[in-house]
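In what follows, a single structure is set out as structure tokens and then discussed.
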Amino acid sequence: MRPSPSPITAFVAVAAAAALALALTGCSTEAAGSTVAVTGTDDGCRIENDILTAGKIDFDFTNEAIKVNELYVVRDNGDVVGEVENVTTGTTRTLTADLTKGAYRVRCKPGQTGQGIESDFTVTGDGGAVQAAPDRTITFDAVDFHYDQLDLSGISTGDTIRFEMTNSGDQPHEFEVLNPSNEPIGEVAAVAAGGSGGATVTFDEAGTYRYQCILVDPASEKAHTDLGMVGTFEVSEAAR
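Numbering-wise, our numbering puts 115 at position 85 of the sequence shown, and it's gapless, one number per residue.
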């Protein structure tokens, strides 16, 4: 008959097993792709891993370009999920997006102008925040240098609005929405002349919002905001 282990031996064995179980649990529960590095250069936008797991993902964006850069996460249909702007050379900022499975792109924009440089990635598995269905759609036209037929009246907290923009101008335009804290919450990304694009935005708080196009006019070297493509609108508290 094999002798029973001493109390000390048994304790050591149990402790070792517990430590091993904890280590294995830590490995198995860490969400694959919960953090991914993205590097922007003068002519590239490189994502470290192009297959990620659904849920909240931190995109750690490092700018190695000579100019100030920005990063977008874009759905397959062209809608912008999130962005970080004004990332200076040699610095890193994090963009967090809650993604469901599907096809996406990261877009870097060195100099914060033009159409940007893209790399594809795929999100797999269950989880992530499903985008709310829009309560209504606002269609409008971008013309150098104003937004035509843009009706932003009657928006209340909790409303989800689909913005559909056509570009009848002679150069690219965008439509960025900023909340009362001046933080971007949605954007129709740069649309080439003659093209169209969209974005879906949910308004969570009441207050004064801002919309703008910050692309630069090559002729005057002025931002489109300085040429008239900027304005504000009110979001009211929803009636209870």
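Ideal Cβ placement from N, Cα and C applies to all residues, glycine included.
DSSP lists 136 as the beta-bridge partner residues of residue 149. The closest CA to that of residue 157, considering only 198, 252, 115, 64, is found on 64.
A straight-line Cα-Cα distance of about 4 Å links residue 92 and residue 122. Listed as beta-bridge partners of residue 216 by DSSP are 207.
Burial is judged here by how many other beta carbons sit within 10 angstroms of a residue's own beta carbon; residue 200 has fewer than 16 and is exposed. Contact check for residue 191 and residue 231: beta-carbon distance about 6 Å, within the 8 Å limit, so the pair qualifies. With contacts defined by Cβ atoms closer than 9 Å, residue 188 and residue 268 form a contacting pair. 9 Å or more divides the Cβ of residue 118 from the Cβ of residue 90.
Of the residues assessed, residue 137 falls on the buried side of the cut-off, its CB having 16 or more other CB atoms within 10 angstroms. Restricting attention to 141, 86, 242, 109, the CA atom closest to the CA of residue 73 is found in 141.
Taking the Cβ atoms as the reference, residue 239 lies roughly 7 Å from residue 210, within the contact range of under 8 Å. Between the segment 67-82 and the segment 145-156 there are three or more inter-stretch CB-CB distances shorter than 8 Å, so the stretches are counted as touching.
Shown here, residue 142 sits in a helix according to DSSP, grouped into three states. The bridge partners DSSP lists for residue 168 are 193. For residue 81, the enclosing beta strand (DSSP E) begins and ends at 81-83.
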